[in-house]
Every structure is written in structure tokens, then in C-alpha cells.
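Accompanying notes for the structure given below.
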Amino acid sequence: MRIAASGLVVVSALSLSLSFALGCGCGDKKREGLPPAADWQPPPGSGAAGPVAVEMPEEILARCAARAFVDDAARDGNMPEDVLDDLASVPDAGAVVLLRALAAAAARLPNAEQQAMLLGGVGLRLAQRGDVEGARTPLRRALALLDRPATNDMQRQLASMSVARAGGRLADPDAMARFGGDPTLAPYLARGLAEAGHAELADQTLARIATFDRLDPFGAAEIAITLLARGRFDEARARAAAAPVDQRVLGSLLLATAAVDARHPQARALVDDAARLMDADETVPSAEIDLARIQLAVGDAPGSAARRVRLRTAIAAEPDADRARMTLYNLHVLATRAGAADEAAALLGDLEARSAAPWMLALARGQSLAVTGKVKEAIAEVERIPADGAPPRGVIFVDALASYLAAARDPELERWLTAHICDGIE
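First residue of the sequence shown: 2, per the numbering used here; consecutive thereafter.
Here's what the structure looks like:
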């Protein structure tokens, strides 16, 4: 394994390397959310004229956390969608409440691409949780938003990938018509169709993709993932192995990540494939962290720990301070999730030595506390940062609430959370 200090970044299948943008305080100022697109209307029966249901305590908490989250994203000009992946440990009932709150809050975001990214991600995860009907409205809204002129081409592309996969998950006719003939996005549609068991539609889409002249490396990786979701393990593995040399590491890593997240019985074998390829090639920190995460997930704790140690050693010589801080922050999150408290503390010290901004240190400490169930302490971390210091409240509120929803309910803690999370939230 040789870790490159610069060059092409191998992008995560989950967050597409957006996590460093969290709370950067460098984007758009807060503005009013976009009005609905002209060609999108709420479904029948969902208008404001009907009776207003009384919010349950967890719904109030979810509404406040979601609004803080999107307000921070509006302020910072990013959409840290990887926060949605942190809901993996939350039971379906609690996760659905929080996901629906995020969908409702999305209109507070200042541009169409941000809204579509969040709505597509929410729609996908609601469908995965079995709330198929609840997933349809976010998807329809996201599809309409993609008709708007783009203000950020990268965010639009990321939004389109997410919406295409969500549309496939729901077998949505408009999504299939929109993305099925697009060489860049059809693979994401096919993956969503396969993951949801729409076998015939998935195979039809794969057959259409086979007629395209070429696919980009990410699209090619999605084909292997689609084959895996269709139950064609050997074919998926062989396709990843047969990719062009310059795409093989990326494809193998993305296939292994998808297998881990889907809890595929052969996930460990695919993770080992990715590790062998990465150890024989020059790689970048983002890819190494992704591999360390999935190694941990399949039970290879020693392999994950050794990879983190090597990466921490390599990053010490990184001349680019921003890249070093990003890597150290992500390593700190991973070490915390691995239960390696001493390692996490040392990485936090490395971050401080690299002059990390107060918001980044608060985010690192806050997420560690939230992951370990210390939700009061997590919120206290960001409450210490003054408003002009861009405190990452929204991310920590969502993480703290996810930790709370994953545990036994505590009425006293619930009241405390409501007071602190909802304070100042419109």
C-alpha cells in the first residue's frame, strides 16, 4: 500500500467525499427555501386543509433536528448526505420519523440541487425501511427540482445519481423514462431496481445499458453492484476483476462497500479482494478510510486497525493542511466507531496540532460522544461554539437524536433534548 499525497481521489460509494464540507462556513448565506416547482403538486389529501395531527415527542425532536441540519447546509453551501448513513443503527420506526422530518425540512435549502440530493437520499432510505408510500413524495419532488437550471453542476450530478437509484427502488415510471437511456445515470437506476427486487425491469435496463458505447468508471462499478443485487455473485466479482487497470481498485472498493451495506453473505470475500488490490497499488486516504470502515464491518478488526495506523503515519508527512485535517477527522470518526478510545484521543490531538478550526474539533468530539450514547455531552460541544463560528449543530443534533432513538426511551432526557435541540428553531 502506497498512499498518494495528491492526485485522483477514489470516491466513497456513500458520501462521494462530501464529508469534509460539513460546517465549513464558506458557502451560501441563509435564504428562504425554493417554492415548489411549477409542475409539482402535493399528492391528493396531503394539503393543509385537512386536520392537523398532534405531534408526538419524537416527531417534535425530529422536526427541530431536521431544520437545524438543513439550515446549516444552507449556510455552508453543502449537503452532507452521509449523515443519512448514520441512521443505520436506528430501528425502522424511529428512522422513518427522522427521515420524514428531513424531507419536510428540505424546502428550507437554498438551491434545487441541495434539495434534490437530500430528497433523493431520504426517498431511497424510506423505501429501504419499507415506507414505500412515504418515499414517493420526496422522489417526485426531487425529480421536479432536477428540471430547474443548475447552480452547482457537481451537486446536480450527485443529486441525479441518488434520485435515479431511489426511482429504481420505487420502480417509478417517470424516473425510468428519465434515466433509463442516460449512459451516466441508467446504472444507478438499474441498481435501485435490482435492490428492490424488480428483477425483470432491472434486467431490461441492464440490456439497454449494454448497448451504450461506454460507461464512466462509477457507472461501470454500478453494473457490478447491480449484478450482485440480482444474485449473480460470480458474475459481479468477475466483472470487477476484469475492469481496466486504472478502474479496478475503484470498482472493487465500491462493490465491496455495497456488499457490506447490503449484508451480503460473501461480503468478506469482496472486502478481501479490495484489500489485496489496494495494498498492491498507490491509493489515496479517502479510499483507505473507506476500506478500513468495511473491514471493521465484516469483522476484520485487526486489518482495519492496522490500516488506520499506517494511514495516520503516512498523513503525518502530508504538506496540504486541509487534506491532512480531513483525513485525521475521518480517521477519528472511524476509530470512535471501532471503540478504540486511545486511538481516537491521539487523532484528536493530531487534529489540534494541525490547527483544526473550532467547529471541526467540536464536530469530531461531538460525533464521538453521540456515537457512544453521550448525547447531552455531544450537544454541549457545539453549544460552546458561538454563532459566528459556524457551529455544526445540525449534524450533531441528528447524530444525537439517532443515538437516542436507537436506545430505550428516557422521558427526562427527551425533555432535555427538546429544550436544547428546539431552542431557536423556527
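Glycine residues also receive a C-beta, built at the ideal position from the N, C-alpha and C atoms.
Just so you know, these numbers come straight off a predicted model, no measurement behind them.
Measure the alpha-carbon distance for residue i versus residue j and round it to whole angstroms.
i      : j      : result
Tyr405 : Gly374 : 7 Å
Leu146 : Ala346 : 43 Å
Leu292 : Asp274 : 11 Å
Met177 : Ala165 : 8 Å
Ala106 : Arg68  : 6 Å
Leu99  : Arg64  : 8 Å
Pro412 : Ile386 : 27 Å
Ile61  : Pro245 : 50 Å
Pro36  : Ala388 : Any reading at Pro36 is ruled out, since the residue's pLDDT is 39, under 50, leaving its predicted position unreliable.
Asp247 : Ser253 : 11 Å
Arg142 : Thr212 : 31 Å
Ala208 : Gly340 : 45 Å
Val261 : Ala203 : 21 Å
Thr152 : Phe70  : 21 Å
Nearest CA to the CA of residue i: which residue from the options?
i      : options                           : result
Glu59  : Ala96, Pro81, Gly220 and Asp83    : Ala96
Leu278 : Pro266, Val299, Gly193 and Ala243 : Ala243
Gln156 : Arg166, Pro412, Glu114 and Arg209 : Glu114
Leu171 : Ala371, Ala197, Leu256 and Met162 : Ala197
Phe219 : His333, Pro188 and Ala403         : Pro188
Val250 : Ala268, Val123, Ala276 and Ala200 : Ala276
Ala408 : Gly425, Thr337, Asp173 and Ser90  : Ser90
Thr138 : Ala365, Gln158 and Arg101         : Arg101
Is residue i close to the ligand ZN? I mean its beta-carbon at under 7 Å from any heavy atom of the ligand.
i      : result
Met177 : In the structure shown, the ligand ZN is absent, as is every other ligand, since no ligand is present at all.
Which same chain residues, not among the five before or five after residue i, have their C-beta less than 6 Å away from its C-beta?
i      : result
Ala302 : none
Lys30  : Below a pLDDT of 50, predicted positions are generally treated as unreliable, and Lys30, at 29, falls in that range; the measurement from the model is reported next regardless. Excluding residues within five positions, none has a Cβ falling inside 6 Å.
Ala379 : Gly367, Leu370, Ala371, Ile397 and Ala401
Please report the Cβ distance between residue i and residue j, rounded to the nearest whole angstrom; I am assuming they are in contact, meaning their Cβ atoms lie under 8 Å.
i      : j      : result
Ile228 : Thr206 : The identity of residue 228 in the sequence shown is Leu, whereas the question assumes Ile. With a Cβ gap of about 12 Å, Leu228 and Thr206 do not count as contacting.
Trp360 : Gly390 : 6 Å
Gly168 : Gly193 : 6 Å
Ala128 : Gln116 : The Cβ separation is near 18 Å, so there is no contact.
Leu332 : Arg313 : 6 Å
Gly121 : Ala160 : 6 Å
Arg309 : Glu344 : 7 Å
Leu362 : Leu352 : 6 Å
Short of 8 Å in beta carbon distance, which residues of its chain neighbour residue i, apart from the five on each side in sequence? Order them along the chain.
i      : result
Ala322 : Arg355 and Ser356
Ala49  : Legend: pLDDT at Ala49 = 43, less than 50; position of this residue unreliable, no value from coordinates given.
Leu140 : Leu120, Gly121, Gly124, Val164, Ala167, Gly168, Leu171, Asp173 and Ala176
Closer than 7 Å by C-beta to residue i: which residues in its own chain qualify, once you throw out the five before and the five after it? Chain order, please.
i      : result
Ile316 : Pro286, Ala325, Thr328 and Leu329
Arg240 : Ile224, Ala225 and Leu228
Phe234 : Gln267
Complete runs of the beta strand (DSSP E) confined to the stretch 217-289 [at least 3 residues]: none
Output the residue ranges of the alpha helix (DSSP H) runs that lie fully inside the stretch 317-387 and measure 4 residues or longer, sorted by chain position. Within the stretch 317-387, the complete alpha helix (DSSP H) runs of at least 4 residues are 322-338, 342-354, 359-372 and 376-384.
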